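In what follows, a single structure is set out as structure tokens and then discussed.
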Amino acid sequence: MIREIVQVGDPVLREKCKPVTRFDDELAKLLDDMKETLRHAEGAGLAAPQVGVPVRAVQVDVEEGFFELVNPVLVSQKGEQTGAEGCLSVRGKAGTVTRPEKVKVVFSDRNGNRYSLTARGFFARAVCHELDHLDGILYTDKAQNVHDVED
Numbered sequence: 200m201i202r203e204i205v206q207v208g209d210p211v212l213r214e215k216c217k218p219v220t221r222f223d224d225e226l227a228k229l230l231d232d233m234k235e236t237l238r239h240a241e242g243a244g245l246a247a248p249q250v251g252v253p254v255r256a257v258q259v260d261v262e263e264g265f266f267e268l269v270n271p272v273l274v275s276q277k278g279e280q281t282g283a284e285g286c287l288s289v290r291g292k293a294g295t296v297t298r299p300e301k302v303k304v305v306f307s308d309r310n311g312n313r314y315s316l317t318a319r320g321f322f323a324r325a326v327c328h329e330l331d332h333l334d335g336i337l338y339t340d341k342a343q344n345v346h347d348v349e350d
């Protein structure tokens, strides 16, 4: 089911999200809905609070593939990259954000199995952007030159 993507101003976007503790059908439904919502919106990533659910789950859909990260933790970062970002929850805006060039993240899958991944370039940018959502941080909090764009 495609869910509504909440927009800037909704307090859920500023919450520090709670860890997922139950890897059950409810989580699977949330993740399935998030994937459908993300694909419909044609975005690079989506975090659970963006669909109104303040739990630590994100999805990233980039050239390297589709990734589902539950309870993700950034364990290392290296380098720096600066580039343009937008957000499905901040429609009509874009800005320039500096992020790590390379990151390593540990996370669970929807069944509670733990993994790690290393992301570089745009993939790393997308992961960091989505992880920020889990701590109530929007890219506009870090961006320079935020400006209007056409959706």
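Each residue of the sequence shown is one higher than the last, beginning at 200 in my numbering.
Ideal Cβ positions, reconstructed from N, Cα and C, are used throughout, including at glycine.
For clarity, every value in this text was computed on a predicted model and none was experimentally measured.
- For Ala342, the three-state secondary structure derived from DSSP is coil.
- Counting C-beta pairs closer than 8 angstroms gives three or more between the region 278-292 and the region 205-214, which meets the contact rule.
- Under DSSP, Glu267 forms a beta bridge with Gln258.
- In chain order, Asp232, Glu235, Thr236 and His239 place their CB closer than 8 angstroms to the CB of Ile201, counting only its own chain and leaving out the 5 sequence neighbours on each side.
- Using a C-beta cut-off of 8 angstroms, the region 297-305 makes no contact with the region 209-216, since fewer than three inter-stretch Cβ pairs fall below that distance.
- Taking C-beta atoms as the reference points, Leu245 and Phe306 fail to come closer than 8 angstroms.
- By the neighbour-count criterion, in which 16 or more other beta carbons inside 10 Å mark a residue as buried, Asn270 falls on the buried side.
- A check of alpha carbon separations from Thr339 across Leu333, Val254, Gln276 and Val296 identifies Val296 as the nearest.
- Counting the other CB atoms within 10 Å of its CB gives Gln258 a total of 16 or more, which places it among the buried residues.
- Classified as exposed, Val274 has fewer than 16 neighbouring CB atoms from the shown chains inside 10 Å of its CB.
- Approximately 10 angstroms separates the beta-carbon atoms of Val252 and Leu230; this is outside 8 angstroms, ruling out the contact.
- Look at Gly244 here: in three-state DSSP terms it is strand.
- Approximately 13 angstroms separates the beta-carbon atoms of Leu330 and Cys286; this is outside 8 angstroms, ruling out the contact.
- Annotated as proximal: Leu316 and Phe266, with beta-carbon spacing under 8 angstroms.
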